[in-house]
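Have a look at the structure below before the remarks.
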Amino acid sequence: MRNNTILEKMISYILVTGVLASLILCFLGLILYYLENRLCLEIPFNDQSTLLLGRFLSQANRVNSYTLLSASILTILFTPYIRVFTSMIYFMKVKDYKYVILTFTVFITLTIMFLAH
Amino acid sequence: MDILTLVLVSIPPGILGAIAGLGGGVILVPALVMMGVPIKYAIASSMVAVIATSSGSAAAYVGRRLTNIRVAMFLEAFTITGAIIGAALTVYVPPKPLYFIFGLFLTASLISMRERISEELPIVEKQDKISSWLKLEGDYLDEKLGVLVRYKLTNAIWGGLGMVFAGLAGGMLGIGAGIFKVSVFELILKMPSKPSSSTSNFIIGMTALAGASVYLFSGLIQTYFVAPIVAGMLIGSMIGARILNKLSNRAVRIIFIAVLLYSIIQMLYRGVTV
């Protein structure tokens with residue numbers, strides 16, 4: 007069996023890092039939430055708990071359950087985006103232009119979608 | 056509803072999603088609705104959860120070379136295009152006939168899958184020129200069979216069009232559409248079941264990201280509600296990823312057929328009640 011290619015190793019590393027970072031942030035955030043709310047595990051369902059990028063960025067310098075849990079969700083959301091970008095760079099480097107076009111199409115489509123919002 | 060319950064409820068869809076090549080939303084959304092969660096929040100949460108399943112399982116699959124990255128990169132471009140067209144079309148197309156059209160496609164998939172249920176590995180004698188040009192082939196160590204399985208894919212163009220259709224279904228119905236993707240992998244591209252499941256899981260994260268970004272900017276992601284679901288799905292998908300390669304391809308197909316049947320019933324039910 008051939009060894010993993012550099013691309014496979016790179017993508018595997020990105021995914022493992024993204025997943026572990028998200029899980030760690032999530033568990034820390036949940037523990038903090040538990041402590042902040044006097045050992046209550048009930049979930050609030052209101053405007054204050056909505057994940058909004060602006061709100062998250064304005065509170066990003068504070069360590070509380072909202073910022074940690076939001077960071078956890080955003081980490082998992084952007085992991086696939088980062089792996090497409092990395093793949094595109096890899097295919098450029100090995101001059102595999104068929105796959106540069108394909109990954110560039112996906113990357114640019116996602117970027118436009120984010121910017122359109 | 057408390058955090059612990061949400062984590063526990065999200066683990067089984069994560070396991071099943073990782074094994075069958077689905078995001079797990081098809082199981083998670085009805086479970087959340089049954090718990091009293093409003094449907095729009097359930098769907099929005101499911102889109103983020105699908106990305107968690109995708110990344111959680113792919114983290115294991117890519118390292119073990121079960122996921123075929125070239126095939127995934129080729130098909131992602133098609134499925135994202137389909138998803139965007141689908142999302143744009145939802146404004147103009149009423150939902151009722153959609154459920155029946157997609158239900159019909161899944162029924163055709165079910166019939167074809169049933170015919171191939173005893174087939175352990177598909178054999179592609181001759182690749183078409185485009186599949187060969189794109190190097191759509193791979194190999195993986197099958198832990199159950201104890202052999203290195205080499206495979207070649209065929210019908211690249213039809214597979215691409217199939218992925219546009221899967222993307223359309225995802226975009227129009229607001230789902231990850233893993234069930235459509237696995238059908239395209241197995242029935243059109245002739246990929247073995249295990250790489251089909253793992254490569255579908257890899258791609259599905261990208262389709263779900265397109266959907267999740269809409270919900271994120273619409274303010275439908277509730278932080279304290281989604282985070283425990285993400286944690287549960289990640290744990291579930293990592294467990295599922297460890298199970299998949301120990302199963303036979305036949306067992307994977309049987310699990311997929313069971314989920315397929317459930318999805319058809321769900322789709323027809325929605326078609327009648329919507």
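First to last, the protein sequences are chains A and B.
Counting in this note's numbering, the first sequence runs from 7 upward without gaps.
Counting in this note's numbering, the second sequence runs from 56 upward without gaps.
Beta carbons are placed, not taken as given, at the ideal position from N, Cα and C, and that holds for glycine.
- B/R205 sits in a strand when the DSSP states are folded into three classes.
- Taking the Cα positions, B/G215 is about 20 Å away from B/L165.
- Cβ-Cβ distances below 6 Å link A/R89 to I17, I20 in the same chain, with the five nearest sequence neighbours on each side left out; the list follows chain order.
- Contact note: A/M119 reaches chain B through A265, S268, using a C-beta cutoff of 7 Å and chain order.
- Residue contact with chain A for B/S110: present (Cβ-Cβ distance below 7 Å to some residue of chain A).
- L36, Y39, L47, E48, I49, P50, F51, S55, T56, L57, L58: these are the residues of the segment 36–60 of chain A whose beta carbon lies less than 7 Å from some beta carbon of chain B, given in chain order.
- Look at B/L271 here: in three-state DSSP terms it is helix.
- Looking from the CA of B/A211, the closest CA among B/A104, B/D194, B/Q182 belongs to B/Q182.
- Shown in chain order are the members of the segment 128–142 of chain B whose Cβ falls below 8 Å from a Cβ of chain A: M128, F129, E131, A132, I135, T136, I139.
- Proximity of chain B to A/T111 at the Cβ level (cut-off 9 Å) is accounted for by E131, A132, I135, T136, in chain order.
- The beta carbons of B/V237 and B/A221 sit no closer together than 7 Å.
- A check of alpha carbon separations from B/S251 across B/I140, B/I234, B/T262 identifies B/I234 as the nearest.
- Here A/I30 is exposed. Its C-beta has fewer than 16 other C-beta atoms within 10 Å.
- Inter-segment contact for the segment 197–207 of chain B and the segment 298–308 of chain B is present: three or more beta-carbon pairs are separated by less than 8 Å.
- Between the alpha carbons of B/G91 and B/I98 lies a distance of about 13 Å.
- Burial check for B/G274: the Cβ neighbour count within 10 Å stays below 16, so the residue is exposed.
- Rounded to the nearest whole angstrom, the CA to CA distance from B/S248 to A/T73 is 40 Å.
- Interface with chain B (7 Å Cβ-Cβ cutoff): A/L29 is included.
- In the three-state reduction of the DSSP assignment, B/Q182 falls in the coil class.
- Proximity of the segment 128–137 of chain B to the segment 222–231 of chain B meets the contact definition, three or more beta-carbon pairs being nearer than 8 Å.
- Checking the DSSP bridge columns, you'll see B/G193 partnered with B/Y206.
- Against chain A, the CB of B/G158 has no partner CB under 7 Å away; the residue lies outside that interface.
- Straight-line spacing of the CA atoms in B/I294 and B/Y116 works out to 12 Å.
- Taken atom to atom, the span from the alpha-carbon of A/E14 to that of B/S253 is near 14 Å.
- Inclusion of A/I49 and B/M128 in the CB contact set at 7 Å is not warranted, their separation being larger than that value.
- Listed along the chain, the chain A residues whose CB falls inside 7 Å of the CB of B/D57 are L47, E48, I49.
- Listed along chain A, the residues sitting closer than 9 Å to B/F280 by beta-carbon distance are I49, P50, F51, S55.
- Between the segment 67–82 of chain B and the segment 307–325 of chain B there are three or more C-beta pairs closer than 8 Å, enough to call the two in contact.
- Apart from sequence neighbours up to five positions away, the residues of its chain that approach B/K95 with a beta-carbon distance below 8 Å are L275, ordered along the chain.
- Counting of Cβ neighbours within 10 angstroms places B/N300 among the buried residues, the total reaching 16 or more.
- Residues of the segment 76–88 of chain A that bring their beta carbon within less than 7 Å of a beta carbon in chain B comprise S76, S78, I79, I82, L83, T85, P86, Y87, in sequence order.
- Only residues of its own chain outside the window of five on either side were considered, and among them A86 have a CB closer than 6 Å to the CB of B/V64, listed in chain order.
- For the segment 200–233 of chain B, residues whose beta-carbon sits nearer than 8 Å to a beta-carbon of chain A comprise L203.
- With contacts defined as CB atoms closer than 7 Å, B/V314 and B/A73 fail to qualify as a contacting pair.
- For B/Y317, the uninterrupted alpha helix (DSSP H) segment begins and ends at 304–328.
- Residues of chain A with a Cβ closer than 8 Å to the Cβ of B/P283 are, in chain order, C32, L36, I49.
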